[in-house]
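Let me begin by presenting the structure, written as structure tokens, before commenting on it.
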Amino acid sequence: MTAGRHYKASGFHTIFFGRHYRQVWTTPVTVPVLNLQTTIAGGLRAGKLGGGFQSTSMTLLGNNGREYALRTLDKDPYKTLPPFLRKTFVLNLVRDATSAINPYGAFVVPPLAQAAGVLHTTPRLLYIRPDETGLGENAPRFQGKVALLEEKFDGKNNLTPAFGDAQDLQDSEDVLRARYQEPSFQFDQLAFARARLLDIWLGDWDRHEGQWQWAVYKEKGRTLYRPVPKDRDQVFYRFDDGLVPWLVSRPFIVGKLRTFKPHYENIPGLVKNARFIDERALNEVTDQQFQHLASELQTRLSDDVIQAALRHLPPPVYALEGERTAAFLRARRAALPAAARTYYRKLAHQVTIAGTDQPERFVVQRLTDSTTLVSLYALSDKAPLLYRRTFRTAETKLITLHGLGGEDVFEITGDVSRSIRVDIFGGPNPDTVKDTSHVRRGGKKTYYYDTRRGNTLEASATTRDKTHKGVQMHAYDREGD
Numbered sequence: 001m002t003a004g005r006h007y008k009a010s011g012f013h014t015i016f017f018g019r020h021y022r023q024v025w026t027t028p029v030t031v032p033v034l035n036l037q038t039t040i041a042g043g044l045r046a047g048k049l050g051g052g053f054q055s056t057s058m059t060l061l062g063n064n065g066r067e068y069a070l071r072t073l074d075k076d077p078y079k080t081l082p083p084f085l086r087k088t089f090v091l092n093l094v095r096d097a098t099s100a101i102n103p104y105g106a107f108v109v110p111p112l113a114q115a116a117g118v119l120h121t122t123p124r125l126l127y128i129r130p131d132e133t134g135l136g137e138n139a140p141r142f143q144g145k146v147a148l149l150e151e152k153f154d155g156k157n158n159l160t161p162a163f164g165d166a167q168d169l170q171d172s173e174d175v176l177r178a179r180y181q182e183p184s185f186q187f188d189q190l191a192f193a194r195a196r197l198l199d200i201w202l203g204d205w206d207r208h209e210g211q212w213q214w215a216v217y218k219e220k221g222r223t224l225y226r227p228v229p230k231d232r233d234q235v236f237y238r239f240d241d242g243l244v245p246w247l248v249s250r251p252f253i254v255g256k257l258r259t260f261k262p263h264y265e266n267i268p269g270l271v272k273n274a275r276f277i278d279e280r281a282l283n284e285v286t287d288q289q290f291q292h293l294a295s296e297l298q299t300r301l302s303d304d305v306i307q308a309a310l311r312h313l314p315p316p317v318y319a320l321e322g323e324r325t326a327a328f329l330r331a332r333r334a335a336l337p338a339a340a341r342t343y344y345r346k347l348a349h350q351v352t353i354a355g356t357d358q359p360e361r362f363v364v365q366r367l368t369d370s371t372t373l374v375s376l377y378a379l380s381d382k383a384p385l386l387y388r389r390t391f392r393t394a395e396t397k398l399i400t401l402h403g404l405g406g407e408d409v410f411e412i413t414g415d416v417s418r419s420i421r422v423d424i425f426g427g428p429n430p431d432t433v434k435d436t437s438h439v440r441r442g443g444k445k446t447y448y449y450d451t452r453r454g455n456t457l458e459a460s461a462t463t464r465d466k467t468h469k470g471v472q473m474h475a476y477d478r479e480g481d
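Given below as structure tokens:
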């Protein structure tokens, strides 16, 4: 079969709209056939249809008690467009851009993730017969198509030995909700940083919060969330090889559509889709830690690992793309520390530190002209330390503190010539701000946003009082709503 023979195009068309992976989509490959009785031990039965915007997807229920996601490799962008564009030539142009995806790229990722120490799904490539009726009333949506089948890592029933002593598997929405309820719920930030460096190495630009599940662990009185990336459709993306996509992918137009090349192309654009989850799950990780992780990944992702992973491509596809992809991965591996530093600096430019709905104490110490120390303590349970990081004035321009719920205390101290601006958002409950710091140059460096009534502010010459009658400044997007 072929994954998408309709992506075949003339030379004239490719000049304007790109060669992309058209040859891969139109190359015949041998694919196992979905058999609902034998593909998964114990058998499968149809579940509910998925709600994805591009892939046609369905949950399959395993008689082993686990759940699986079946989704077509080809995309249909109809739902992603505004209604007034859905019946115009724009739909065909956007659909044609799907050829920028390597349809078999996701099958290369599991051995690379395994070597990197990142939890992962293990997708299978399958063909669905034109006469397959076991998928129920939605069978016509899948008949005659090539699809990907992978584990759904959601809920306790889907835990496997690979997760060790994990207690549960949750989606990002539930994890973010719990994270801001009370202090014992925390992201494993180093594990997430490792996973994000793997994303960058693979050129996977679509890593928003909906692309993650989280394994739940209990450690030393805390609940830790470790990332499980899913939906690896965009690895090895190839987009800017035609006049129109080259223009569209300029940083000032759609900067996130980065092409997988031997060098890293615009790291800020590559990570743009993950900005929301990155800001919330990477605010502790230092430059030194990113460099250590990058060096470690260089060792783990050896030439042999890369070559073995690429052999998961169908043989005709490996013949087309294997050696080139391997060369690109080796070149990107060599440059990974530099990419990690660029990524760190983007994250460090503006950092948000949020508390929880319990009372907490934020301590900001302007230590020197070049350093500011931020610490966060819970005001219960003998005030355990929840967060600590030293920021550098050369890297960070703004630190934003969110107290959220609870009666929080904010303390700012230090006498320096210059420092980082700190914005404080107290939250809906009564809060106390004590700013005794003195910054001699650069104007006001502590901004306090809250309601005027019910809060206590002890200001210095460095403080700007931004309190007023409204409550809109309390808004903090906790879950991506």
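For the sequence shown, the UniProt record's numbering begins at 1 and goes up steadily by one.
Note that beta-carbon positions come from the ideal geometry of N, C-alpha and C, so glycine has one too.
A quick note: this is a predicted structure, and the numbers were derived from the prediction, not measured.
Minimum Cα-Cα distance from residue 127 among the listed residues 120, 116, 117, 139 corresponds to 139.
Contact between the region 278–288 and the region 184–196 is present: three or more C-beta pairs spanning the two stretches fall below 8 angstroms. Counting only residues of its own chain and dropping the five nearest sequence neighbours on each side, residue 413 has a CB closer than 6 angstroms to the CB of 365, 436, 437. Distance from the CA atom of residue 71 to the CA atom of residue 150, rounded to whole angstroms, is 9 angstroms.
A residue is called buried when at least 16 other Cβ atoms come within 10 angstroms of its Cβ; residue 445 meets this threshold and is buried. Counting along the chain, residue 375 sits inside the beta strand (DSSP E) bounded by residues 371–378. DSSP, reduced to helix, strand and coil, places residue 338 within a helical segment of the structure shown. Only exposed fits residue 1, as fewer than 16 other CB atoms lie within 10 angstroms of its CB.
Bounds of the alpha helix (DSSP H) holding residue 275 are 275–281.
Here the alpha carbon of residue 148 sits roughly 36 angstroms from the alpha carbon of residue 345.
Three or more beta-carbon pairs separated by less than 8 angstroms are not found between the region 123–137 and the region 11–22, which leaves the two stretches without contact.
Sequence-distant partners of residue 196 (beyond 5 residues in either direction) whose C-beta falls short of 8 angstroms from its own C-beta, in its chain, are 207, 271, 274, 278, 282, 343. If only uninterrupted alpha helix (DSSP H) runs of at least 4 residues are considered, those enclosed by the region 172–209 are 172–179, 189–202. Taking C-beta atoms as the reference points, residue 339 and residue 200 count as a pair closer than 8 angstroms. The beta carbon of residue 335 sits closer than 8 angstroms to those of 263, 264, all from its chain and outside the five residues before and after it, given in chain order.
Unbroken alpha helix (DSSP H) runs of no fewer than 4 residues, entirely contained in the region 65–111, are found at 89–96, following chain order.
One Cα belongs to residue 186, the other to residue 457, and the distance between them is close to 30 angstroms. The C-beta separation of residue 146 from residue 3 comes to about 5 angstroms, placing the pair in contact by the 8 angstroms criterion. In terms of CA proximity to residue 347, 269 leads the group 387, 322, 269, 407. Residue environment analysis places residue 468 among the exposed positions, since fewer than 16 neighbouring C-beta atoms fall within 10 angstroms of its C-beta.
For a cut-off of 8 angstroms, the C-beta gap from residue 290 to residue 341 is around 7 angstroms, short enough to register as a contact. From the listed residues 11, 121, 6, 89, the smallest Cα separation to residue 243 is found for 11.
Counted as a single uninterrupted DSSP element, the alpha helix (DSSP H) harbouring residue 11 occupies residues 11–17.
In the three-state scheme derived from DSSP, where H, G and I count as helix and E and B as strand, residue 252 is classed as helix. By the Cβ criterion, the region 208–227 is not in contact with the region 313–332, since fewer than three pairs of Cβ atoms, one from each stretch, lie closer than 8 angstroms. If only complete runs of 4 or more residues are kept, the region 109–150 shows the alpha helix (DSSP H) at 109–116, in order along the chain. Here residue 295 is exposed. Its C-beta has fewer than 16 other C-beta atoms within 10 Å. In the three-state reduction of the DSSP assignment, residue 58 falls in the strand class. Note on geometry: alpha-carbon atoms of residue 69 and residue 155 lie some 14 angstroms from one another. Taking residue 350 as reference, the option from 394, 25, 82 with the minimal CA-CA separation is 394.
With contacts defined as CB atoms closer than 8 angstroms, residue 28 and residue 316 qualify as a contacting pair. Between the region 163–175 and the region 202–219 there are three or more C-beta pairs closer than 8 angstroms, enough to call the two in contact.
Between residue 369 and residue 417 the beta-carbon gap is near 5 angstroms, inside 8 angstroms, which marks them as a contact.
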